[in-house]
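Everything below concerns the one structure shown next.
There are 6 protein chains.
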Amino acid sequence: MAEHDFAALKQTLYTAVLSDVLDGLGHMHQAMRPFVRPVFDDAVIMGRARTGLWMNAYSVAAGENPYEHEIALLDDLKPGDVAVFGCDGPTDRIAPWGELLSTAAMCRGAEGCVTDGLVRDVRQIRQMKFPVFHGGIGPLDSRGRAKMVAIDVPTECGGVRVAPGDIVFGDIDGVVIIPSAIADETISRALDKVTSENHTRDELLQGRLLADVYAKYGVL
Amino acid sequence: MAEHDFAALKQTLYTAVLSDVLDGLGHMHQAMRPFVRPVFDDAVIMGRARTGLWMNAYSVAAGENPYEHEIALLDDLKPGDVAVFGCDGPTDRIAPWGELLSTAAMCRGAEGCVTDGLVRDVRQIRQMKFPVFHGGIGPLDSRGRAKMVAIDVPTECGGVRVAPGDIVFGDIDGVVIIPSAIADETISRALDKVTSENHTRDELLQGRLLADVYAKYGVL
Amino acid sequence: MAEHDFAALKQTLYTAVLSDVLDGLGHMHQAMRPFVRPVFDDAVIMGRARTGLWMNAYSVAAGENPYEHEIALLDDLKPGDVAVFGCDGPTDRIAPWGELLSTAAMCRGAEGCVTDGLVRDVRQIRQMKFPVFHGGIGPLDSRGRAKMVAIDVPTECGGVRVAPGDIVFGDIDGVVIIPSAIADETISRALDKVTSENHTRDELLQGRLLADVYAKYGVL
Amino acid sequence: MAEHDFAALKQTLYTAVLSDVLDGLGHMHQAMRPFVRPVFDDAVIMGRARTGLWMNAYSVAAGENPYEHEIALLDDLKPGDVAVFGCDGPTDRIAPWGELLSTAAMCRGAEGCVTDGLVRDVRQIRQMKFPVFHGGIGPLDSRGRAKMVAIDVPTECGGVRVAPGDIVFGDIDGVVIIPSAIADETISRALDKVTSENHTRDELLQGRLLADVYAKYGVL
Amino acid sequence: MAEHDFAALKQTLYTAVLSDVLDGLGHMHQAMRPFVRPVFDDAVIMGRARTGLWMNAYSVAAGENPYEHEIALLDDLKPGDVAVFGCDGPTDRIAPWGELLSTAAMCRGAEGCVTDGLVRDVRQIRQMKFPVFHGGIGPLDSRGRAKMVAIDVPTECGGVRVAPGDIVFGDIDGVVIIPSAIADETISRALDKVTSENHTRDELLQGRLLADVYAKYGVL
Amino acid sequence: MAEHDFAALKQTLYTAVLSDVLDGLGHMHQAMRPFVRPVFDDAVIMGRARTGLWMNAYSVAAGENPYEHEIALLDDLKPGDVAVFGCDGPTDRIAPWGELLSTAAMCRGAEGCVTDGLVRDVRQIRQMKFPVFHGGIGPLDSRGRAKMVAIDVPTECGGVRVAPGDIVFGDIDGVVIIPSAIADETISRALDKVTSENHTRDELLQGRLLADVYAKYGVL
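Protein chains in written order, with my numbering: chain A, 1 to 220; chain B, 1001 to 1220; chain C, 2001 to 2220; chain D, 3001 to 3220; chain E, 4001 to 4220; chain F, 5001 to 5220.
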């Protein structure tokens, strides 16, 4: 995979065009389910997945730090990283992400967070403009309910398999996972498709019929 | 059914009063389920239903244009029409509506779209201020997942039966379908009920007890 | 339970810290399920629960006033009260709360409403800035579908048991119920924990690692 | 409605043919949802609905007998009656029917019970061969969880409206409700359709193609 | 794909061993979801998939035969064929299979039916000992609710993709789809694994510890 | 907790009476949800819980034995133990129990198994008459999908908290967990209540009204 300029690509690409391109490459299960939503409407995220795998727990053992893996992953985040917390969502049980983790991640230079668990401290995260995509909103801490048990292993989040190093892209329309092996090809094709969509829109705005414009550009 | 001035009625009516009137006429299943939501909060829609019936598909045959019916319906939309896409929602599978269809529909003079499928390109549709009511947000194109198979036939959308020519009314509180056979009666009664509700509100604001005001106007 | 200054506490406390403190006291089922949401994003509510218990109904008997208990509860609301309507939500069936009840409640000095049923007249309630937490949005009146059958009895709302007189606290992250027997202890501990969270945030913003800050303050 | 010989009709009719006839009469919502199942496979039930409407409850008041309506309905059952307990199922909360109610109902001459709540004491009810159709199996008593609040009022059970006096028919394929106003017509047509289905089966068993047999008898 | 002796293989193989082998070949999504169940407990089915793709419909057009494709598929079934009806189940809407189709299919020599729709006439199908796997039991005819729209196209059933000619295997534990391209390899490996499982069972019955037996045979 | 003669108690007690007694002691959440069912109808289980806690996994690391904890728990089972596998069910993902584990457990003298995951090899387990209570039936091995990560820790199963050493009781009506701290009291009261229920049944069979019999014995 080439080095990509995430900041520039975030200006041009969007999840719908990436999803279409991934479909065309035969990868039809790359969009997270619709319950995964951004914490504010204009949040856009693009980066490399750093995965955390969660399990339910129903007690905390004496002397156990239930946040151990979570803290380790947070403190190891690098610029360009997206924390992906796989909680087998949708769930009502836990909000593994909140203001304090957002603050810690932002200070490490991370791009944001995607989780199919809940998020809390929504007001503060919006004020920080830190892009978090979540599986619902709720105040419940994970302590005594669940814990992260593995870092940088394959997981699922929002119904999509995510491997460490996959490209995560999220915007108002949802979250798409681009497997690292096809990331270059996907991004290249997506940039091309953006152009066709722009032409299509322009001609539609001039009043042409959809049948004609679709026949010409082949995108919808 | 009389010709109705949708633009004027949209200023006065709202889904709650229409739902109450339909209840009073014995039609208690006319409000779509709550998962059908407007793409922006102040969207209001009123118009005649133009229905499209969707089915799941798991492949595209050689030479097939999976968008055939969809394009035909879009290009045939008239001013005052509302595209109603029945996708057997809620669904995670497809986003049959997006920016390009919104553009095409707007250029034909259509009033908007109601679907129990997903919608994509939410940011652009909000900028266009085109009223779309949807069953969720997601980036997934329908190609290879589903297709429209019939136009202007009875369908269900959001749990409500919709026949071509029925009146569709949607606002922040949801979407109500007014069967064409009782549209005149429903609209007439609803305009009356708005007045009673205004009186009720006024007297409550003056501090009167709900028991007294309800006894006087009979609305709640 | 001591008298609490709800207006002041609403400025300082939030559901996440209250939920954590309740967890610490062994009460781990006090947060309503995430489908219960505020009708506007900056709604904050704190007050004493006045409960209304709802049942499904499928007809209205001759001469029956199906709103009888509802009106009685509304007209009896006192300053500091929160109407809690337990509808066994989530539901698609009824919107027991709307603009008129909001108006009536506000004129009695009530703090707001929490229900796991639907709410309607969302636009007007937002304009009134009356804090309503609801289990979804829809236009359906309760008449002929359900009715309130008991006032000030234990109920469940959003999956949490609520007894009359319990403290209700809601904000953007959800709704938490504080049983009256532990209200003083919960509030006192929560005020302390807010301070620790503030220290944690400050040190994270200075770039310290999460591992170090958590070791120092023990909050996450 | 004519007097019907339920015992004889139970030998000839079945839910599938009744459902088809009700469809043909324009009543397409008369079959309970598939989660309503017989407590033993060869249970067949036919009789007049005696309805009990249930609500959730979360406490028992001092001096209250939570079984009051339930006992009253049971002791008032007549031969040919079917107890229909509408619990807004499917539910995990309560098993309002069990061995003791089966015994009481059987001793009154009742035909059986249909509920969308749970049933308990399944082993004993099977031994009694008392036809009970239920919404699941579980041991939970209703006390402190729910109570019956009305007798012989319209209710819903398994997703179907049931009015007192409607005809209830259940067998291995499910439960169908025949509104009393169309009971005679429905039963008469169903007896005719049984004959056509018998002819169809006979000719298929002789090896004829489905296309030919369907063309001849028009049933499938 | 080689010709396989389905009758002999049905005696030796079972879904669990086939599912394990498919897992080992990297095909981890070949088992239908657990709601698909056999109509009688000792039903075993093995054969080639003949697929029918269903869509919801809400009306029958004048002159339309809604059973057209269904009848065509039934009359074209060959010995060794399994009718696979993809209805986007689980569903409460339709029972597309029943006694008459079972009779027609049996008379054509078909192996049985798998559907994620409902089945009706369960008693008679059990008497026929015709292996039908279904997504629930209910009396509802498809007419006016749904129709088959394509034959021998890729579909999904019970959450698994099924292409015409894939091998269908079902027993008490569920239904597994073996893609035709890997059918020979899967069957060959499965026969080997049966032997290892037999050895494992024998040694466990002799009282050896699971740890030791698993270390020796590597199956669980 | 006293030593209890599980074999004798299984003859006399049943889940409904235990659930009622636990209700009376203020423990109203001790019955597993109804999706947990016995693998054969006359299965009865009573014993001490030996818990295994499961998590989802999406890969198997090189050199990892994903069955490690599972095998350890199985080989450590003692007479009177019930293996309780907490899989956060209901689930479609895994069948962690099957014939081989049943064989191993039976050879250790264990009483049976309760899981909210799926079970496979249902035919063979029925033949063994080994009482297994499960959350559904399916062929899917856990390898690459999930793994047990802790033994003899508190877990949840079928929606009920289970601690090691709690008493598990299951029969045709479901599964009840008796916390070890109240086991003696619960069993003692249950034996008394069985007697009252027997008297109630006897008098009902003599034709007495339910109102009278309930007034006399107070059980229903």
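No residue lacks a Cβ here, since even glycine has one placed at the ideal position from N, Cα and C.
| Asked | Found |
| --- | --- |
| Select from Phe5040/F, Asp5023/F, Leu5220/F and Glu5003/F the residue whose C-alpha is nearest the C-alpha of Gly5136/F. | Phe5040/F |
| Are there 16 or more other CB atoms within 10 angstroms of the CB of Lys129/A, so buried, or fewer, so exposed? | exposed |
| In chain D, which residues lie with their C-beta within 7 angstroms of the C-beta of Ile4071/E? | Leu3210, Ala3211 and Tyr3214 |
| Counting contacts by CB-CB distance shorter than 9 angstroms, is Glu2197/C in contact with chain A? | yes |
| Just to confirm the assignment: which complete beta strand (DSSP E) runs, minimum length 3, are found wholly within the region 1114 to 1157 of chain B? | 1132 to 1134, 1146 to 1151 and 1155 to 1157 |
| Quick one: does Val5122/F have its CB under 9 angstroms from some CB of chain E? | yes |
| Taking DSSP as the reference, what is the three-state secondary structure of Ala3181/D? | helix |
| Shorter than 9 angstroms from the beta carbon of Glu5185/F to some beta carbon of chain A? | no |
| Using DSSP with H/G/I as helix, E/B as strand and the rest coil, what is Phe6/A? | helix |
| Following the continuous beta strand (DSSP E) through Val4213/E, name the residue where it begins and the one where it ends. | Where Val4213/E is concerned, there is no enclosing beta strand (DSSP E), although the alpha helix (DSSP H) it sits in stretches over Leu4210 to Tyr4217. |
| When DSSP builds the beta bridges, which residues end up paired with Thr2051/C? | Val2084/C |
| Could you confirm whether any beta carbon from chain C is found closer than 9 angstroms to the beta carbon of Arg1201/B? | yes |
| In whole angstroms, give me the CA-to-CA distance for Asp2141/C and Thr1015/B. | 11 angstroms |
| Can you round the beta-carbon distance between Gly2170/C and Val2044/C to whole angstroms, since I take them to be within the 8 angstroms contact cut? | 7 angstroms |
| Where does Arg5201/F fall in DSSP's three states? | helix |
| Please report how far the alpha carbon of Ala49/A lies from the alpha carbon of Ile1177/B, in whole angstroms. | 45 angstroms |
| How close, in whole Å, do the beta carbons of Glu1156/B and Gly1086/B come, if the pair is a contact with beta carbons under 8 angstroms? | 5 angstroms |
| Hey, would you say Phe1104/B sits closer than 9 angstroms to Leu1074/B, going by beta carbons? | Strictly speaking, residue 1104/B in this sequence is Ala, with Phe absent from that position. Cβ atoms of Ala1104/B and Leu1074/B: closer than 9 angstroms. |
| For Phe169/A, which beta-bridge partners are listed by DSSP? | Met46/A and Val176/A |
| Does the region 1083 to 1100 of chain B come close enough to the region 1120 to 1134 of chain B to have 3 or more Cβ pairs within less than 8 angstroms? | yes |
| I want to verify the contact list: residues of chain E whose CB lies under 7 angstroms from the CB of Pro1066/B, in sequence order. | The premise fails here: Pro1066/B is roughly 13 angstroms from chain E at the closest Cβ pair, so nothing lies under 7 angstroms. |
| For the region 109 to 117 of chain A and the region 2213 to 2220 of chain C, state whether three or more C-beta atom pairs, one from each stretch, are separated by less than 8 angstroms. | no |
| Within a Cβ cutoff of 7 angstroms, which residues of the same chain sit near Pro90/A, ignoring the five residues on either side of it in sequence? | Phe35, Asp116, Gly135 and Gly136 |
| Does the distance from the CB of Ala1181/B to the CB of Leu1018/B come in under 9 angstroms? | no |
| Just to make sure I have the definition right: I need the residues of chain A whose C-beta is within less than 9 angstroms of the C-beta of Glu5156/F. Which are they? | Asn56 and Tyr58 |
| Determine, using beta carbons only, whether Ile172/A comes closer than 9 angstroms to chain B. | yes |
| What residues in the region 4135 to 4147 of chain E bring their beta carbon closer than 8 angstroms to a beta carbon of chain B? | none |
| Assuming contact is defined by CB atoms lying nearer than 9 angstroms, are Gly5109/F and Asp5081/F in contact in what I supplied? | yes |
| Got a sec? Which residues, its chain only, sit under 8 angstroms from Pro5066/F by beta carbon, not counting five neighbours each side? | Ala5057, Val5060, Ser5142, Arg5143, Gly5144 and Lys5147 |
| Using only the alpha-carbon positions, how far apart do Glu1111/B and Pro1131/B sit? | 7 angstroms |
| State yes or no: is the C-beta of Val1149/B within less than 9 angstroms of the C-beta of His1199/B? | no |
| What number of angstroms, rounded off, separates the C-alpha of Ala1083/B from the C-alpha of Pro1154/B? | 13 angstroms |
| First and last residue of the beta strand (DSSP E) that includes Val4060/E? | Where Val4060/E is concerned, there is no enclosing beta strand (DSSP E), given that its DSSP letter is neither H nor E. |
| I think His2138/C touches Asp1173/B, with their Cβ atoms under 8 angstroms apart; what is that distance to the nearest whole Å? | First, the amino acid is wrong: residue 2138/C is Gly here, not His. At roughly 7 angstroms, the Cβ-Cβ gap stays under 8 angstroms, so Gly2138/C and Asp1173/B are in contact. |
| For Arg5037/F, which residues in the same chain have their Cβ closer than 7 angstroms to its Cβ, ignoring the five residues on either side in sequence? | Phe5133 and His5134 |
| May I ask you to report which of helix, strand or coil DSSP gives Val1194/B? | helix |
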